[in-house]
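K.L.:
One structure is given below, represented as structure tokens, and several questions about it will come after.
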Amino acid sequence: MFLHLGGDVVIHKKDIIAILDHRTKISPATKEFLEIAKDEGFIKKISQHDKDKSYIVSTKEIYISPISCITLRKRSDTLQGD
5 MFLHLGGDVV
15 IHKKDIIAIL
25 DHRTKISPAT
35 KEFLEIAKDE
45 GFIKKISQHD
55 KDKSYIVSTK
65 EIYISPISCI
75 TLRKRSDTLQ
85 GD
């Protein structure tokens, strides 16, 4: 099944490693991880400036989404046929 992350981005649920709240960026380890990912070109921003609500870590990229991690979780749980 697929999960809509915002904008025009839809990915396979099986490719999702983690869905993180944007406030986790405060953690030094998470901040370092995201900085390295950005430097290496793995970050794909879906949201507009100051609309970041969640980070979706997938097998290929890290998405910055305007949709909260709670909403993404609810969407994921309502999908059938996993």
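In the numbering used here, the protein residues as written are 5 to 86.
Where a beta carbon is used, it is the ideal one built from N, C-alpha and C, also for glycine.
#1: Would you give the residue range spanned by the beta strand (DSSP E) that S80 belongs to?
#2: Please identify the residue among K18, K57, R79 whose C-alpha is closest to the C-alpha of I64.
#3: Going by C-alpha to C-alpha distance, which of S80, K57, T82, L76 sits closest to P70?
#4: Tell whether a beta-carbon distance below 8 Å holds between F6 and V13.
#5: How many Å lie between D25 and S72 at the Cα?
P.N.:
A quick look at the data gives this:
#1: By one-based count along the sequence shown, residue 80 stands at place 76. No beta strand (DSSP E) contains S80, which is instead part of the alpha helix (DSSP H) from 73 to 82.
#2: Residue numbering aside, residue 64 sits at position 60 when the sequence shown is read from its first letter. According to the sequence displayed, residue 64 carries Lys and not Ile. Shortest Cα-Cα distance from K64 to any of K18, K57, R79 involves K18.
#3: If you number the sequence shown from 1, residue 70 lands on position 66. Cα-wise, what sits closest to P70 is K57.
#4: Counting from 1 along the sequence shown, the entry for residue 6 is found at position 2. Counting from 1 along the sequence shown, the entry for residue 13 is found at position 9. Here F6 is not near V13, since their CB atoms are 8 Å or more apart.
#5: Here residue 25 refers to the residue found at position 21 of the sequence shown. Here residue 72 refers to the residue found at position 68 of the sequence shown. Their Cα atoms are separated by approximately 7 Å.
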